[in-house]
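Working notes, structure below.
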Amino acid sequence: APEIASGTVEIKGIAREAGFRSKVAVVSMDKSVDPIGACVGQKGTGISTCVSEFNGGKVDIIKWDQSEAQYIANALAPARVLAVDLNETDKKATAWVNEDQQSLAIGKTGQNVRLAAKLSGWKIDIKVKAESLSVEDAVAAAKRDEATVLAAPAIQAAPEAVEKKAPKKKATKKSTKSTAKKKAKAK
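Right, here's the structure in full:
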């Protein structure tokens with residue numbers, strides 16, 4: 008985009024999973040220029056160039072913000088985030104969403120929240136706000152008791168989850184004998 012070349016729009020960060028999806032954070036140095044619109048371009052010409060440079064895949068262009076909480080909320084787009092609570096000590100953010108936004112915030116195989124975490128540099132938990140609580144009450148309840156799960160368990164981005172396989176059951180003598188009898192009858 009010419010706005011990037013001229014310095015009117017600046018790229019603040021890029022997070023990508025090659026060939027699948029990328030998130031690009033942009034900011035405008037000129038208040039009259041929309042950074043996202045400038046990158047998308049007329050009829051999507053700017054974004055199509057960007058997609059080809061990234062060798063295909065989806066590209067989300069999000070607005071960078073000085074406020075870490077707002078930046079994290081923007082990075083979780085296309086999900087609509089109600090609030091973001093920051094734990095500066097652990098560099099951990101909790102993003103509150105309505106139940107219908109949870110799958111969007113997490114993304115397919117956790118991709119959206121993983122890219123948002125890479126882009127922002129924060130560990131991000133997605134929590135669903137219980138319908139009966141206001142956002143403020145939900146955040147306050149979670150702060151009072153970290154173990155409280157209001158509507159659904161938290162999904163955490165970073166570090167990668169490790170799957171454990173269940174141990175295989177050992178065959179007993181009885182089952183081995185019955186299998187041998189069945190094989191003998193089949194012949």
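Residue numbers (this note's numbering): 8 to 194. C-beta: ideal position from N, C-alpha, C; glycine also.
Top-ranked residue by Cα proximity to residue i, from the options
i, options, result
"P42", "L83, S110, A82, I11", "I11"
"P9", "A76, A22, A45, G26", "A45"
"K19", "K50, S39, A25, A82", "A82"
"M36", "K65, W71, G64", "W71"
"K98", "A90, S13, A76", "A76"
Cα-Cα separation, residue i to residue j
i, j, result
"E143", "F27", "36 Å"
"S110", "V16", "31 Å"
"A102", "L126", "15 Å"
"I113", "I68", "17 Å"
"A196", "I79", "Look at the range of the chain in this structure, 8 to 194, and you will see that residue 196 is not part of it."
"S74", "E24", "25 Å"
"K65", "Q108", "19 Å"
"A22", "S141", "32 Å"
"P85", "E138", "21 Å"
"S55", "S39", "24 Å"
"V33", "K115", "24 Å"
"V31", "V47", "11 Å"
"A90", "S29", "23 Å"
"S13", "L122", "28 Å"
"A100", "V120", "11 Å"
"Q49", "G117", "31 Å"
Residue(s) in a DSSP beta bridge with residue i
i, result
"V40", "Note: V40 sits in no beta bridge, so no partner."
"K134", "W103"
"L93", "A100"
"E17", "V34"
"A22", "K30"
"D67", "K30"
Integer-rounded CB distance, given that residue j should sit under 8 Å from residue i
i, j, result
"V135", "V104", "6 Å"
For the segment 86–105 against the segment 120–137, are there 3 or more C-beta pairs whose distance is under 8 Å?
-> Cβ pair count under 8 Å is three or more, so yes.
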